[in-house]
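See below for the structure under consideration.
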């Protein structure tokens, strides 16, 4: 930057085995206005002793919110193998400009094994009577957390937000994995700095203190009230030195966080429903341009619905204990008279038993159904979601988990009712995977996904994000089959 310091970010790339192309793996946070960034976000990577894993660390100066790194200034890079980092533990190497050996500064990389600890800590701090170093206005303080290393150095593990113009700040509580926060060692020293935020990047120290997880877990009380001491100023001023205020622990809890695999290992039974869109917007199945067109030439060409059922369904089948799938349809007129539109019917035509055995059975039932029903509309999701939610609501104690795989061309007509159904189901043991086929506008599906903004309905917000939208065309552009579906 011409008139200020850089806003650096570190990006980790790896080179897959037997390839020559670099692929982006992870990014750190961006730190404003500094030439000496200390990144808090870690870059985890799985270590394989038997493989040569090539890595590249690149530093960029971020100038806008655009995620495309081509729009930002490249500052330097360093290449190495993961084995080099593992064997060294810590390396300090020059950052080189692309295509030449010109040094652009140094990079320090610390490699540490992350042990199998599933504990997560939720903690909150407040400040009391912090010293005000501003003539006009008040300071905007924040906290930095460092864990002690075996060699006596410290590694930054977390940084809070700054609280603007406040001498008695209440920082937001935060959650952190203990394996990264303290290497799962309750007695490992944690150093905490309190600093005043500055737009220039020169964040002045207010004071520091030492503690550990075991002590913080005692919660609010005299043991967790810490004077903020600047050791350099204390040496200089001697007995006249006064601390820069206090930091108090107001809440500290540790809980074990279980993964989806942990639940499966513990006996949770996975039950999957498959729902298929039979609305007319998919096109006449007799036309080769229809998303439901069945190839009868014997060449084995699958339509997008068949490919989505097969590639995504086979992944789910791996985890479904009995391999029997209830297969539901919506948006079609049903026999015998084809005079009634159904937004919830059994694809195999058996009103007493909707189950199909394995994904092969699902594909057979889908093919046969196309010859029986008349594609119609509208495209209503809510009846299907509410139907599956009824089953999930009867199993709230971890013994069963439900997955609803919905395959659709994405032209939804009951958006408000669908949002209401999703919000109502968001506290149940249920996940919804929506696979969009074709080339329609999937903006409504992206909204249901809830990654950017958690969906709400009638003043209620979803308890958790239970919807994952996947445009199937992204698979068609890249990897196929199980690799893409995963």
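Residue numbers (my numbering): 40 to 525.
Note that the Cβ used here is the ideal one computed from N, Cα and C, for glycine as well.
In the DSSP output, what is residue 161 paired with across the bridge? Taking the chain shown and counting its residues from 1, the one referred to as residue 161 is at position 122. For residue 161, which the question treats as bridged, DSSP gives the partners 214, 292.
Pair within 9 Å by beta-carbon distance, residue 184 and residue 230: As a first step, residue 184 must be located in the chain shown, where it is residue number 145. As a first step, residue 230 must be located in the chain shown, where it is residue number 191. Taking 9 Å as the Cβ cut-off, residue 184 and residue 230 qualify as a contacting pair.
Roughly how many whole angstroms lie between the Cα atoms of residue 92 and residue 177? Mapped onto the chain shown, residue 92 falls at position 53. Mapped onto the chain shown, residue 177 falls at position 138. Rounded to whole angstroms, the separation of the alpha carbons of residue 177 and residue 92 is 49 Å.
Jot down the residue ranges of each uninterrupted alpha helix (DSSP H) in the segment 99-178, minimum 4 residues, whole runs only, in chain order. For the segment 99-178, the continuous alpha helix (DSSP H) assignments of 4+ residues that do not extend past its boundaries occur at 121-127, in sequence order.
Let me know if residue 174 comes out buried or exposed under the rule of 16 or more other beta-carbons within 10 Å of its beta-carbon. The residue labelled residue 174 in the question sits at position 135 within the chain shown. With fewer than 16 other Cβ atoms within 10 Å, it is exposed.
Going by other Cβ atoms of all chains shown within 10 Å of its Cβ, with 16 needed for buried, is residue 427 buried or exposed? Walking along the chain shown from the start, residue 427 turns up at place 388. Of the other Cβ atoms in all chains shown, 16 or more fall within 10 Å of the Cβ of residue 427; this residue is therefore buried.
Here's the rule I'm using: 16 or more other beta-carbon atoms within 10 Å means buried, otherwise exposed. How should residue 345 be labelled? The sequence position of residue 345 within the chain shown is 306, counting from 1. In the assembly as shown, residue 345 is a buried residue. Its beta-carbon has 16 or more other beta-carbons within 10 Å.
Taking the alpha-carbon positions, what's the residue 425 to residue 343 distance? Along the chain shown, one-based indexing puts residue 425 at 386. Along the chain shown, one-based indexing puts residue 343 at 304. Their backbone Cα atoms lie some 26 Å apart in a straight line.
I'd like to know whether the C-beta atoms of residue 444 and residue 412 end up nearer to each other than 9 Å. Reading the chain shown from its first residue, position 405 is the one you call residue 444. Reading the chain shown from its first residue, position 373 is the one you call residue 412. Contact flag unset, no.
Per-residue DSSP class, three states only, for residue 503: Counted from its first residue, the chain shown places residue 503 at position 464. When DSSP states are grouped into helix, strand and coil, residue 503 belongs to the coil group.
Quick one: is residue 286 buried, meaning 16 or more other Cβ sit within 10 Å of its Cβ, or exposed? Within the chain shown, numbered from 1, the residue matching residue 286 stands at position 247. By the 16-neighbour rule on beta-carbons within 10 angstroms, residue 286 is buried.
At what residues does the beta strand (DSSP E) containing residue 313 begin and finish? Indexing the chain shown from 1 puts residue 313 at position 274. For residue 313, the enclosing beta strand (DSSP E) starts and ends at 308-316.
Near residue 58, what residues of its chain come up, given a Cβ to Cβ distance below 7 Å and the 5 sequence neighbours on each side ignored? As a first step, residue 58 must be located in the chain shown, where it is residue number 19. Taking C-beta separations shorter than 7 Å and ignoring five residues to either side along the sequence, residue 58 has no partners in its chain.
Which residues DSSP lists as bridging residue 359, in chain order: Here residue 359 corresponds to residue number 320 of the chain shown, with the count starting at 1. According to DSSP, which records beta bridges pairwise, residue 359 is partnered with 309.
Could I get the ranges of all uninterrupted alpha helix (DSSP H) runs contained in the segment 203-247, with 4 residues as the minimum, in chain order? Whole alpha helix (DSSP H) segments, 4+ residues: 217-220.
Report the residue from 337, 292, 461 whose alpha carbon sits nearest the alpha carbon of residue 488. Indexing the chain shown from 1 puts residue 488 at position 449. It is 461 whose Cα lies nearest to the Cα of residue 488.
Round the Cβ separation of residue 402 and residue 321 to the nearest angstrom and send it over; I've been treating them as touching at under 8 Å. The residue labelled residue 402 in the question sits at position 363 within the chain shown. The residue labelled residue 321 in the question sits at position 282 within the chain shown. The Cβ separation is near 17 Å, so there is no contact.
If you drop the 5 nearest sequence neighbours on each side, which residues of the same chain put their C-beta closer than 8 Å to that of residue 55? In the chain shown, the residue the question calls residue 55 occupies position 16. Excluding five sequence positions before and after residue 55, the CB atoms of its chain that fall closer than 8 Å to its own CB belong to 62, given in chain order.
Which stretch, first to last residue, makes up the alpha helix (DSSP H) that contains residue 259? Your numbering for residue 259 matches position 220 in the chain shown. Counting along the chain, residue 259 falls outside any alpha helix (DSSP H), and DSSP gives it neither H nor E.
Does DSSP put residue 198 in a helix, a strand or coil? Working through the chain shown from its first residue, we reach residue 198 at position 159. Strand, per DSSP.
Could you give the distance in angstroms between the alpha-carbon of residue 235 and the alpha-carbon of residue 193? The count along the chain shown starts at 1 and reaches residue 235 at position 196. The count along the chain shown starts at 1 and reaches residue 193 at position 154. Take the alpha-carbon of residue 235 and the one of residue 193: they are about 20 Å apart.
Might you give, ordered along the chain, the residues of its own chain that have their beta carbon closer than 6 Å to the beta carbon of residue 503, omitting 5 neighbours on each side? As a working mapping, residue 503 is identified with position 464 in the chain shown. Taken in chain order, the residues that qualify are 465.
Using 9 Å as the threshold, is the C-beta distance between residue 296 and residue 158 below it? Taking the first residue of the chain shown as 1, we reach residue 296 at position 257. Taking the first residue of the chain shown as 1, we reach residue 158 at position 119. Going by beta carbons, residue 296 and residue 158 fall inside the 9 Å limit.
Cross-strand partners of residue 187 (DSSP beta bridge): Position 148 of the chain shown, counted from the start, is the residue given in the question as residue 187. Bridge partners of residue 187: 193.
Quick check on the DSSP output: the beta strand (DSSP E) that includes residue 65 runs from which residue to which? Taking the first residue of the chain shown as 1, we reach residue 65 at position 26. Residues 62-66.
Nearest candidate by alpha-carbon position, reference residue 114, set 46, 171, 128, 121: In the chain shown, counting from the first residue as 1, residue 114 sits at position 75. The closest CA to that of residue 114, considering only 46, 171, 128, 121, is found on 46.
Quick check on residue 411: does DSSP put it in helix, strand or coil? On the chain shown, position 372 is the one that residue 411 refers to. Coil, per DSSP.
In three-state DSSP terms, what is residue 447? For the purposes of this step, residue 447 is taken as residue 408 along the chain shown, with counting starting at 1. It is a strand residue.
Ordered along the chain, which non-local residues of its own chain (more than five positions away) have a Cβ less than 7 Å from that of residue 316? In the chain shown, counting from the first residue as 1, residue 316 sits at position 277. Within the same chain, residue 316 has close Cβ partners 369, 370, 418, 446, 447, 448.
Under the three-state DSSP convention, the category residue 442 falls into: Your numbering for residue 442 matches position 403 in the chain shown. In the three-state reduction of the DSSP assignment, residue 442 falls in the strand class.
At least three beta-carbon pairs within less than 8 Å, the segment 449-459 to the segment 352-365: In short, these stretches do not touch, since the Cβ pair count stays below three.
Which stretch, first to last residue, makes up the beta strand (DSSP E) that contains residue 470? As a first step, residue 470 must be located in the chain shown, where it is residue number 431. Residue 470 -> beta strand (DSSP E) spans 469-475.
Would you mind reading off the limits of the alpha helix (DSSP H) that contains residue 554? Nothing can be reported for residue 554, as the shown portion of the chain is limited to 40 through 525.
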